[in-house]
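K.L.:
Here it is, the structure, as structure tokens.
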Amino acid sequence: MEIAIDTKKRADLQSRVQYEWSNWRSDTRTNVEEYLAMLQIEGAKPWYDAQAYVALVIAAQQSTIRWVGDRVRYIQNGIQRAPTIESYTHIWQWIEERYFLKSVVTTNYDLLAEQGLRIEPRPKLGLPGFHYGKIGEIMKGGGYPSYSHVRPLQLNGRVPLHKLHGSVNWAGAAALHSKYWDPRPAIKGDCALIAPAASKSIPKGFSDIWERASHDLERSNVWLVIGYSLPPYDKAVRSLFQDSVSHVNSVLIANPAPLVVERFSELLPNCDVESYPGFPEFLYKKD
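Going from the sequence shown to this note's numbering is simple: count from 1 and add 73.
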């Protein structure tokens, strides 16, 4: 699919976001995620601008961009595409083989998890496929209405994928309302993303996602954490972990920062927390 973009509109958006960020940075050392959390609480235009800009940048990184006449067109790479980097597939193959993957909880906005897991089981590849909480859910998009040969894209995978902070293919900047097979909501500026929450309240449209994530975390006895640093300001995720830890024995962390291990150990004192410098080291660890 191709989507034409008004380049002036996007340039104006970028200018506004950079202006607000520069003003904020001149008064504080807050990082980007904390800044987004602050904007979300205020709920004013700077938040919707930042939300649209972040989504656009991520979507552009996963799209092919080209000029057609005087217009920029984004050729979408959606959730049905295999990842271009093989390691994103190997990660899921290895976890599925070693642990039998029950569910995935992520705060990432991109589509790498979807592309690695695949939209339906691929037994020959050792990939279980994913869904967003309902097996058989049909994604919007998939072709122009007149293209009768383009079948709707349906999620028939086994593993639930819980995207706590939203996704570039989910629509509804004010409240999540639709899910697409590609990141067109991000390109069009109506993407359902939320920032790391400084409070424990969950924005409209996301409560069911968080409840399902909590249920699945509670059913698991091993958590594998890849990349997530458990920042102190992300109070909602911290609360989620604390409330869902009753059956967890081991927390395996693939992250080189010692501070991350300390954070998880303090938050989950009754769990056995192990750390590895990165996923390759975890991949080849001895039992």
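All C-beta atoms, glycine included, are put in the ideal place defined by N, C-alpha and C.
Starting from TRP243, trace the beta strand (DSSP E) in both directions and tell me its first and last residue.
P.N.:
Start and end: 239 to 244.
K.L.:
Please go through the region 184 to 212 and give each complete alpha helix (DSSP H) segment of 4 or more residues, from N-terminal end onward.
P.N.:
Runs of the alpha helix (DSSP H) inside the region 184 to 212: 185 to 190.
K.L.:
Please classify HIS250: does DSSP put it in a helix, a strand, or coil?
P.N.:
The answer is coil: DSSP assigns HIS250 none of H, G, I, E or B.
K.L.:
Excluding the 5 residues flanking LYS277 on each side, which residues of the same chain have their C-beta closer than 7 Å to its C-beta?
P.N.:
Only ALA248 meet the Cβ criterion.
K.L.:
Taking 8 Å as the limit between beta carbons, can you name the residues of its chain near ASP345, skipping five residues before and five after?
P.N.:
Excluding positions up to five away in sequence, the list reads ASN322, SER323, VAL324.
K.L.:
Assign ASN242 to buried or exposed, taking buried as 16 or more other Cβ atoms, counted over all protein chains shown, within 10 Å of its Cβ.
P.N.:
Buried, since its Cβ has 16 or more Cβ neighbours within 10 Å.
K.L.:
According to DSSP, SER293 sits in a beta bridge with which residue or residues?
P.N.:
Paired residue(s): none; SER293 is not in a bridge.
K.L.:
Check the C-beta distance from GLU187 over to PHE203 and give it rounded, since I have them as a contact under 8 Å.
P.N.:
Confirmed, Cβ separation roughly 6 Å.
K.L.:
Compute the Euclidean distance between the alpha carbons of ALA123 and GLN91, then round it to the nearest angstrom.
P.N.:
Distance between the alpha carbons of ALA123 and GLN91: 9 Å.
K.L.:
Mapping DSSP to helix, strand and coil, what is HIS288?
P.N.:
DSSP places HIS288 in helix when its eight states are reduced to three.
K.L.:
Can you tell me whether ASP255 is helix, strand or coil according to DSSP?
P.N.:
Note: ASP255 maps to coil in three-state DSSP.
K.L.:
Work out the CA separation of ALA286 and VAL295 for me, nearest whole Å.
P.N.:
Roughly 14 Å between the two C-alpha positions.
K.L.:
Buried or exposed: GLY348, going by 16 or more other Cβ atoms within 10 Å of its Cβ?
P.N.:
For the sequence presented, residue 348 should be read as Ser rather than Gly. The residue in question, SER348, is buried, as its Cβ has 16 or more Cβ neighbours within 10 Å.
K.L.:
Under a Cβ-count criterion, where at least 16 other Cβ atoms within 10 Å of its own Cβ denotes burial, should GLY210 be classed as buried or exposed?
P.N.:
The identity of residue 210 in the sequence shown is Glu, whereas the question assumes Gly. GLU210 is exposed by the Cβ-count criterion.
K.L.:
Determine, using beta carbons only, whether ILE275 and ASN229 come nearer to each other than 8 Å.
P.N.:
No, the pair does not count as a contact, with Cβ atoms beyond the cut-off.
K.L.:
Within the same chain, show all residues whose beta-carbon is closer than 6 Å to that of TYR33, passing over the 5 residues directly before and after it, in chain order.
P.N.:
Absent from the structure is residue 33, since the part of the chain shown begins at 74 and ends at 360.
K.L.:
Is it buried or exposed for PRO350, if we count other Cβ within 10 angstroms and need 16 for buried?
P.N.:
Exposed is the call here.
K.L.:
For ASN104, does the count of other Cβ atoms within 10 angstroms reach 16, so buried, or fall short, so exposed?
P.N.:
ASN104 is exposed by the Cβ-count criterion.
K.L.:
Take the Cβ of PRO233 as the centre, count every other Cβ of all protein chains shown within 10 Å, and call the residue buried at 16 or more, exposed below.
P.N.:
With 16 or more other Cβ atoms within 10 Å, it is buried.
K.L.:
Could you say which of PRO331, ALA117, PHE314, PRO258 lies nearest to ASN343 if we only look at CA atoms?
P.N.:
The candidate whose alpha carbon is nearest that of ASN343 is PHE314.
K.L.:
Beta-carbon separation of ILE131 and ASP183 under 8 Å?
P.N.:
Closer than 8 Å, so yes.
K.L.:
Can you tell me the Cα-Cα spacing of TRP254 and GLN166, whole angstroms?
P.N.:
For TRP254 and GLN166, the distance between alpha carbons rounds to 23 Å.
K.L.:
What does DSSP give as the partner residue(s) for PRO233 in the beta ladder?
P.N.:
In DSSP, PRO233 forms a bridge with HIS204.
K.L.:
What does the Cβ neighbour count give for HIS238, buried or exposed, with the cut at 16 atoms within 10 Å?
P.N.:
It counts as buried.
K.L.:
Measuring only the C-alpha atoms, how far is GLN227 from GLY214?
P.N.:
Spanning the two alpha carbons is a distance of roughly 11 Å.
K.L.:
What residue from ARG89, ASP307, GLU335 has the CA that sits closest to TYR126's CA?
P.N.:
Comparing Cα-Cα distances from TYR126 to each of ARG89, ASP307, GLU335, the minimum goes to ARG89.
K.L.:
For ASP316, which residues from the same chain have a beta carbon less than 7 Å from its beta carbon, with the 5 sequence-adjacent residues on both sides left out?
P.N.:
Cβ within range, chain order: SER287.
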